[in-house]
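Working notes, structure below.
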């Protein structure tokens, strides 16, 4: 096990400069007011902020194991300490309140509460942490939205039966969910089962660039893990609806991540390619839940054949309609074209390709992608059968190399609204960017020339989708409350509204945090 990073023992300070109103106004600003009751907030995840990875009885997660292997994460970073939210929770919640947060999305760490994954083996210190967090949020007038699974599976279950590759996972996750409903459902009225199934299964079982780091069989394991995930979601929702929903008066759903895919040209083959891209990314998980039949997209069934498991008739009925709202994480737009000879390699996410370029990890990278570029091997990426391109109209990119293309956000909201008509509407559970302007000097100079314009543009297109197009969007959670561990990129990418100095753990609200406070306070965007 590598040594933990040294962190100053001095109690950190929180630099505050809270402003009322928060939005700088032009001489004649345009006003975009959102529907009454629109939910504003921010989001985080347990492994990305908590630290205390082996304290107070917590068991290891697959991300603890993965990040401790040298070469898996940029600069050897890990979540051992990161933001140390576990020890600084009260201060962080107070800062949220000072910054005007009305809603906060966080995730529960399964191995912190149940170290072996078995709900019979309860770690009460872990349960107590989330009890205190929820109570602190409510005391400060902040509504909690709890995610049951944001990627930190107990390592014990990965070792026991291969995690999501086994149907045993469905039973264990459902039992874990039920226990969480029992423990916290009297106060938590909004639940999300899984965050971003596509990232969990494609990056974890197709590319091997996320935990548990598997890439040997991307033609089968992406589909198998996804299938078990969706079943675990459906059975957990059934449990909540039958045993808890009426009494606790809450809602439960799932969060899917999606880029908007446009055709690279007006050629019919490119249009078909963009449709396939949507089928294999968003619709893969959305169609069984909201499509009305409880089945995967026909495009996928035709391409993958028997490698894509089928739902039984009972399972189809169970999964169909198994979400009270449509949780959506969105960051960027891309273009798709007709397939080429290098389709499988091109389908790798561009941020993953850039991650391993020049890092001294080329051997690991090319070893990982070998099954995907092997012309004789089955692969999820080959099944998709497209050539991806950068956003055709994008002129700016975030430090993640994601195109800043707010028009794609509006298009995606229309796609979901018109195709799925989700009951309970759409809730944007993540949207944001990583910017270079995150040095201490930039924060002191109130520089935020990329982040504030980004949010203005995306919120304006979201408003257009609501007010002009009639899309039913009911909430928006900015990613993220504070800088945190950005998975394989470690601490190198900063998404936070609040800057974290990883040496001192000092929190400093960025200019965008004050600006966002004005939006939330007034339920209005000024442009």
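Numbering (our numbering), first residue to last: 299 to 825.
Using N, Cα and C, we set each Cβ at its ideal position, and we do this for glycine too.
These numbers come from a predicted model, not from an experiment.
Following the continuous alpha helix (DSSP H) through residue 424, name the residue where it begins and the one where it ends. 422-437
Report the start-end ranges of each beta strand (DSSP E) in the segment 545-590 that is 3 residues or longer and not cut off at the edges. 549-555 and 558-561
CB-CB under 7 Å to residue 241, same chain, minus the five flanking residues each way: which ones, in chain order? This structure does not reach residue 241, given that the chain is present from 299 up to 825, and the question cannot be answered.
Under three-state DSSP, which class holds residue 412? coil
Determine, using beta-carbon pairs with one atom in the segment 532-541 and one in the segment 463-481, whether at least three such pairs fall under 8 Å. yes
Can you tell me the Cα-Cα spacing of residue 360 and residue 452, whole angstroms? 6 Å
Should residue 354 go down as buried or exposed, given a rule of 16 or more other Cβ atoms within 10 Å for buried? exposed
For the beta strand (DSSP E) that residue 811 lies in, which residues bound it at each end? It is not in any beta strand (DSSP E) - residue 811 instead sits in the alpha helix (DSSP H) that spans 809-820.
Can you give me the Cβ contacts of residue 763 inside the same chain, cut-off strictly under 7 Å, excluding the 5 residues immediately before and after it? 708, 711, 712, 769 and 771
Option in 509, 783 and 406 with minimal Cα separation from residue 798: 783
At what residues does the alpha helix (DSSP H) containing residue 796 begin and finish? Segment 796-798 is the beta strand (DSSP E) holding residue 796; no alpha helix (DSSP H) there.
So, under 8 Å CB-CB, residue 626 and residue 726 are touching, yes? Tell me the CB distance rounded to an integer number of Å. 6 Å
CB-CB under 8 Å to residue 468, same chain, minus the five flanking residues each way: which ones, in chain order? 526, 529, 530 and 533
Looking at the structure shown, is residue 328 part of a helix, part of a strand, or coil, going by DSSP? coil
Residues in its own chain within less than 6 Å of residue 503 by CB, not counting five upstream and five downstream? 512, 519, 520 and 523
Please name the residue, chosen from 390, 603, 456 and 687, that lies closest to residue 431 on a Cα-to-Cα basis. 390
Using a Cβ-Cβ cutoff of less than 7 Å, which residues in the same chain neighbour residue 472 once the five nearest sequence positions on both sides are dropped? 530, 533, 534 and 537
For residue 566, count neighbouring C-beta atoms within 10 Å of its own C-beta (all shown protein chains included) and say buried if the count is 16 or more, exposed if not. exposed
If you reduce the DSSP assignment to three classes, tell me which class residue 805 lands in. strand
What first and last residue would you give for the alpha helix (DSSP H) that runs through residue 363? 360-365
Skipping 5 residues on each side, what residues in its chain have a beta carbon closer than 6 Å to that of residue 550? 489, 535, 538 and 622
Residues in its own chain within less than 6 Å of residue 548 by CB, not counting five upstream and five downstream? 487
So, under 8 Å CB-CB, residue 342 and residue 427 are touching, yes? Tell me the CB distance rounded to an integer number of Å. At roughly 14 Å, the Cβ-Cβ gap does not stay under 8 Å, so residue 342 and residue 427 are not in contact.
Count the other CB atoms within 10 Å of the CB of residue 306; is the residue buried (16 or more) or exposed (fewer)? Per-residue confidence for residue 306 stands at a pLDDT of 38, beneath the threshold of 50, marking its modelled position as unreliable; the derived number appears in the next sentence. Result: exposed.
Drop a sphere of 10 angstroms on the beta-carbon of residue 766, count the other beta-carbons inside from all chains shown, and report buried for 16 or more, exposed for fewer. exposed
Just mark residue 422 as buried or exposed, buried being the case when its beta carbon has 16 or more other beta carbons within 10 Å. exposed
Am I right that residue 441 and residue 388 are in contact with their C-beta atoms under 8 Å? What's the rounded C-beta distance? So it is not a contact: roughly 18 Å between Cβ atoms.
Residue 663 to residue 436 span [Cα, whole Å]: Summary for residue 663: the model assigns pLDDT 49, below 50, so the residue's position carries little reliability; its value from the coordinates is reported in the next sentence. About 45 Å.
Exposed or buried, residue 608, counting other C-beta atoms within 10 Å across all chains shown (16 or more means buried)? exposed
Contacting residues, own chain, Cβ-Cβ under 7 Å from residue 594 (five flanking each side not counted): 582, 585, 586 and 606
Can you give me the C-alpha to C-alpha distance between residue 751 and residue 614, rounded to a whole angstrom? 43 Å
Counting C-beta neighbours from all protein chains within 10 Å, is the total for residue 378 16 or more, i.e. buried, or is it exposed? buried
Rounded to whole angstroms, what is the Cα-Cα separation between residue 601 and residue 500? 16 Å
Could you check whether residue 557 and residue 638 sit closer than 8 Å to each other, using their CB atoms as the reference points? no
Here's a check: name, in chain order, each residue in its chain whose Cβ is nearer than 6 Å to the Cβ of residue 827, leaving out the five neighbours to either side. Limits of the chain in this structure are 299 at one end and 825 at the other, which puts residue 827 out of reach.
Beta-ladder partner(s) of residue 773, from DSSP: 337 and 725
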